[in-house]
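**Q** The UniProt record's numbering numbers the first residue of the sequence shown as 1 and each following residue consecutively. In this text, a Cβ means the ideal position worked out from N, Cα and C, and glycines have one as well. Keep in mind the model is a prediction, meaning the values are calculated, not measured.
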Amino acid sequence: MESEDLVRLYENVLKRERRIFRVNENNIRTAIQDMKDVYMPEGKEWHSSTDLTIANYDNAAHRCAYIHKYASCHTGLLIEMLQRAIADDPSVFLDLFDGTSFLNLCCIGGGPGTDIIGFLTVFSWYFGKFKCEATVLDYSLGWKKTFNCIVKELRNGKSYSDLSYSVSPGRFHYDYIGTDLLSSMTPDVNKAVGSADFLTMIKFISAAARHDTNVMIKKIFNSMKPGAVLLFIDNAGGGFHQLVMDVAQGCNLETVFGPLRHELYQNDVFRVKRFGYMSQSETKVTVHMWRKLRSGKITLRSNVKKGMASNRLAQPDRLLWGDILNTEAGIYFAARQEYAETRNSYRYVVDDSENLVEDDSDENFDCCVIA
């Protein structure tokens, strides 16, 4: 879908929202001013202990203000980064289908569904027809009303080509879960995250940043299933990327694209003046994409002696030769031991009957996991 089509889509959605919820221009102008308090002041860091200011997106005027100000730019940004990631390594995305024509999408802090629109635009273009189930996790359930308008516009509108087909009733299902991820992860949130093939986290951390945000991020990463891919995009400043990257290093994730730091995205087509305010047409961001490692591809390297035991692969202090090992995910592997005469130490190899990963290094290692 061309940039002009995105502008037209959100213009029509804006008109539909204003008509249904009777929102006048003065309400929207006031809401645009209110939104300035949502975003972090210059220089404020993620670890601030100050309370969050959250826009009331259950209010139609605030939703209209957001659609005007950010929807086109945020969708275009995601489209470009996905295109670049696919061009870099298509196999990462082909693996998501795993022989099926169905994908499960989870948008963390997904708001009006701009992530969904960007995702479907790119994936339908590159990979053809597929079915999709999307779940948006957001503090404000009012966003579902906006996405309802987007879907109606796509299904009833003209000239949206493949995107209209992608959201047709037989091929696309969506749901919204209202949640405060900073407080807890409910069973339905865990299910949405844990069943997703692809997850988006677009400008979410900067809006949810406080001193304990890292705890929330760790819960999300730990809930992801093996093979799932997560796309992170957020403001270049503020330390948000470093925060997420630090957590990712301890959650069995591997980088599959990026990181792109201080990346300037700009598209002048999105520069439209409404209600006395110009919409966003450029933003400087950091982009990083991770994939949850599959537990089967694990090599244990150790210089410990034969006969010592452990069943925790995350931090294996000891191993039992020839026994069955239990990962934290509950998956069992058979282990065998080999003696390396060149370094007077033992090598342990985990075999799940499909993937046998061997360690050919001549170095001595304390017991660790390499995935």
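Taking all protein chains shown into account, decide if residue 20 is buried (16 or more other Cβ within 10 angstroms of its Cβ) or exposed.
**A** Numbered from its first residue, the sequence shown carries residue 20 at position 20. With fewer than 16 other Cβ atoms within 10 Å, it is exposed.
**Q** Just the Cα atoms here: how many angstroms apart are residue 1 and residue 190?
**A** The count along the sequence shown starts at 1 and reaches residue 1 at position 1. The count along the sequence shown starts at 1 and reaches residue 190 at position 190. Using only the alpha carbons, I get a separation of about 33 Å.
**Q** If you check the beta carbons only, do residue 277 and residue 68 fall under 9 Å apart?
**A** Looking up residue 277 in the sequence shown gives position 277. Looking up residue 68 in the sequence shown gives position 68. Going by C-beta atoms, residue 277 is nearer than 9 Å to residue 68.
**Q** Using alpha carbons as the reference points, say which of 97, 124 and 279 lies closest to residue 66.
**A** If you number the sequence shown from 1, residue 66 lands on position 66. The option with the nearest alpha carbon to residue 66 is 279.
**Q** Between residue 87 and chain C, is there a C-beta pair that is closer than 9 Å?
**A** Looking at the structure shown, chain C is missing, and only one protein chain is on hand.
**Q** Quick check on residue 306: buried or exposed, where buried means 16 or more other Cβ atoms within 10 Å of its Cβ?
**A** Along the sequence shown, read from residue 1 onward, the residue named residue 306 stands at position 306. At residue 306, the pLDDT of 37 sits below 50, so the modelled position is not reliable and the matter cannot be decided from this model.
**Q** What do you get for residue 238, buried or exposed, if any count of 16 or more other CB atoms within 10 angstroms of its CB means buried?
**A** Position 238 of the sequence shown, counted from the first residue, corresponds to residue 238. Label assigned to residue 238: buried.
**Q** Mapping the DSSP letters down to three states, classify residue 179 as helix, strand or coil.
**A** Looking up residue 179 in the sequence shown gives position 179. If DSSP states are grouped into helix, strand and coil, residue 179 belongs with coil.
**Q** Under the rule that 16 or more other beta-carbon atoms within 10 Å means buried, what is residue 286, buried or exposed?
**A** By 1-based counting over the sequence shown, the position of residue 286 is 286. Buried: at least 16 other Cβ atoms inside 10 Å.
**Q** For residue 227, which option in 241, 181 and 294 has the closest C-alpha, if you only look at C-alpha atoms?
**A** Position 227 of the sequence shown, counting from 1, holds the residue named residue 227. Checking every option, the nearest Cα to that of residue 227 belongs to 294.
**Q** Can you tell me where the alpha helix (DSSP H) with residue 291 in it begins and where it stops?
**A** To locate residue 291, count along the sequence shown from 1; it is residue 291. Segment 282-292 is the beta strand (DSSP E) holding residue 291; no alpha helix (DSSP H) there.
**Q** Do residue 223 and residue 244 have their C-beta atoms closer together than 9 Å?
**A** For this step, residue 223 is matched to residue 223 along the sequence shown. For this step, residue 244 is matched to residue 244 along the sequence shown. Cβ atoms of residue 223 and residue 244: not closer than 9 Å.
**Q** Determine the direct distance from the alpha carbon of residue 259 to that of residue 249, and round the result to whole angstroms.
**A** Position 249 of the sequence shown, counting from 1, holds the residue named residue 249. Position 259 of the sequence shown, counting from 1, holds the residue named residue 259. Cα to Cα, the separation comes out at about 13 Å.
**Q** Ignore the nearest five residues each way along the sequence and tell me which others in residue 254's own chain have a CB closer than 6 Å to its CB.
**A** Position 254 of the sequence shown, counted from the start, is the residue given in the question as residue 254. Taken in chain order, the residues that qualify are 291 and 293.
**Q** Contact defined as beta carbons within less than 8 Å: I believe residue 23 pairs with residue 61. What is the distance between those atoms, to the nearest angstrom?
**A** In the sequence shown, residue 23 corresponds to position 23, counting from 1. In the sequence shown, residue 61 corresponds to position 61, counting from 1. Yes, residue 23 and residue 61 are in contact; Cβ-Cβ is about 5 Å, under 8 Å.
**Q** Mind checking residue 282: buried by the 16 CB within 10 Å criterion, or exposed?
**A** Sequence index remark: in the sequence shown, residue 282 carries index 282 (1-based). With fewer than 16 Cβ atoms within 10 Å of its Cβ, residue 282 is classed as exposed.
**Q** Restricting to Cα atoms, I'd like to know which of 218, 92, 202 and 141 is closest to residue 114.
**A** What you label residue 114 is simply residue 114 of the sequence shown in a count that begins at 1. When each option's Cα is compared against that of residue 114, the closest is 202.
**Q** Does residue 128 pass the burial test, meaning 16 or more other C-beta atoms within 10 Å, or should it be called exposed?
**A** To locate residue 128, count along the sequence shown from 1; it is residue 128. The residue in question, residue 128, is exposed, as its Cβ has fewer than 16 Cβ neighbours within 10 Å.
**Q** Rank 87, 232, 94 and 272 by C-alpha distance to the C-alpha of residue 263 and give the top, closest one.
**A** Translated into the one-based positions of the sequence shown, residue 263 becomes position 263. The option with the nearest alpha carbon to residue 263 is 232.
**Q** In angstroms with no decimal places, state the Cα-to-Cα distance between residue 98 and residue 80.
**A** Against the sequence shown, residue 98 aligns to sequence position 98. Against the sequence shown, residue 80 aligns to sequence position 80. C-alpha separation (whole angstroms): 24 Å.
**Q** Is the Cβ-Cβ distance between residue 215 and residue 256 less than 9 Å?
**A** Along the sequence shown, one-based indexing puts residue 215 at 215. Along the sequence shown, one-based indexing puts residue 256 at 256. No, they are not a contact pair.
**Q** What does a CB cutoff of less than 8 Å around residue 167 pick up in its chain, not counting 5 residues either side in sequence?
**A** By one-based count along the sequence shown, residue 167 stands at place 167. These residues qualify, in order along the chain: 120, 151, 154 and 155.
**Q** Can you say whether residue 30 is buried or exposed, counting buried as having 16 or more other CB atoms within 10 angstroms of its CB?
**A** Taking the sequence shown and counting its residues from 1, the one referred to as residue 30 is at position 30. The residue is exposed, with fewer than 16 neighbouring Cβ atoms inside 10 Å.
**Q** For residue 212, is the classification buried or exposed, using 16 other Cβ atoms within 10 angstroms of its Cβ as the cut-off for buried?
**A** Start at 1 with the first residue of the sequence shown, and residue 212 comes out as number 212. Residue 212 comes out exposed.
**Q** When burial is assigned at 16 or more other CB atoms within 10 Å of the CB, is residue 261 buried or exposed?
**A** Looking up residue 261 in the sequence shown gives position 261. Its Cβ having fewer than 16 others within 10 Å, residue 261 is exposed.
**Q** Please list, in chain order, all residues of the same chain as residue 221 whose beta carbon is under 7 Å from its beta carbon, the five residues on each side excluded.
**A** Position 221 of the sequence shown, counted from the start, is the residue given in the question as residue 221. Closer than 7 Å at the Cβ level, and outside the excluded window around residue 221, lie 247, 248, 251 and 253.
**Q** Excluding the 5 residues preceding and the 5 following residue 164 in the sequence, name in chain order all residues of the same chain whose CB lies nearer than 6 Å to its CB.
**A** Against the sequence shown, residue 164 aligns to sequence position 164. Cβ neighbours of residue 164 beyond the five flanking positions: 154.
**Q** Applying the criterion that 16 or more other CB atoms from any shown protein chain within 10 Å of the CB defines a buried residue, is residue 110 buried or exposed?
**A** Here residue 110 refers to the residue found at position 110 of the sequence shown. Per the 10 Å Cβ criterion, buried.
**Q** Determine the closest residue to residue 139 out of 284, 183, 133 and 32, with distance taken between C-alpha atoms.
**A** The residue given as residue 139 occupies position 139 in the sequence shown. Checked all of 284, 183, 133 and 32; the closest Cα to residue 139 is 183.
**Q** Taking residue 160 and residue 5 to be in contact with their CB atoms under 8 Å, please state how far apart those CB atoms are, rounded to whole angstroms.
**A** Within the sequence shown, the letter at position 160 stands for residue 160. Within the sequence shown, the letter at position 5 stands for residue 5. Right, the Cβ-Cβ distance comes to about 6 Å (below 8 Å), so this counts as a contact.
**Q** Based on Cα-Cα distance, which residue from 102, 116 and 265 lies nearest to residue 108?
**A** Taking the sequence shown and counting its residues from 1, one reaches residue 108 at position 108. Of the candidates 102, 116 and 265, the one whose C-alpha sits nearest the C-alpha of residue 108 is 116.
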